[in-house]
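Residue numbers (the numbering used here): 17 to 86. Every residue gets a Cβ at the ideal spot worked out from N, C-alpha and C, and that includes glycine.
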Amino acid sequence: MTLIGKKKLNRLGQGIIKYIDGLFYFAAIVLLDVTVYFASWFWGGIVTAISLVVLGVLTEIIYFNKGGGS
């Protein structure tokens, strides 16, 4: 693969990871807001929101450890 092709592929990978990561954070924020509003399932929502944030962070860590985003 040419150098230009690798750069384009790398940029595409970065964009996809940023999009997925943003979705995890957005889902966590929405879930946290809904959880605070409906306190009946409060702790389950808190745990799920924290799990979504952790998944987003792990997605970034795995991607950048595999050589992406250089």
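Keeping to the same chain, check which residues put their C-beta closer than 8 Å to that of residue 45; ignore five residues upstream and five downstream.
Counting only Cβ-Cβ distances below 8 Å, and skipping sequence neighbours, we find 65.
Please state if the CB of residue 68 and the CB of residue 40 are separated by a distance shorter than 7 Å.
Yes, they are a contact pair.
Are there 16 or more other CB atoms within 10 angstroms of the CB of residue 61, so buried, or fewer, so exposed?
When all chains shown are included, residue 61 counts as buried.
Close Cβ partners of residue 76 (< 8 Å) along its chain, the five nearest in sequence each way excluded
Cβ neighbours of residue 76 within its own chain (closer than 8 Å, five residues either side excluded): 33 and 37.
With 16 other CB atoms within 10 Å as the buried threshold, where does residue 72 fall?
Burial is judged here by how many other beta carbons sit within 10 angstroms of a residue's own beta carbon; residue 72 has at least 16 and is buried.
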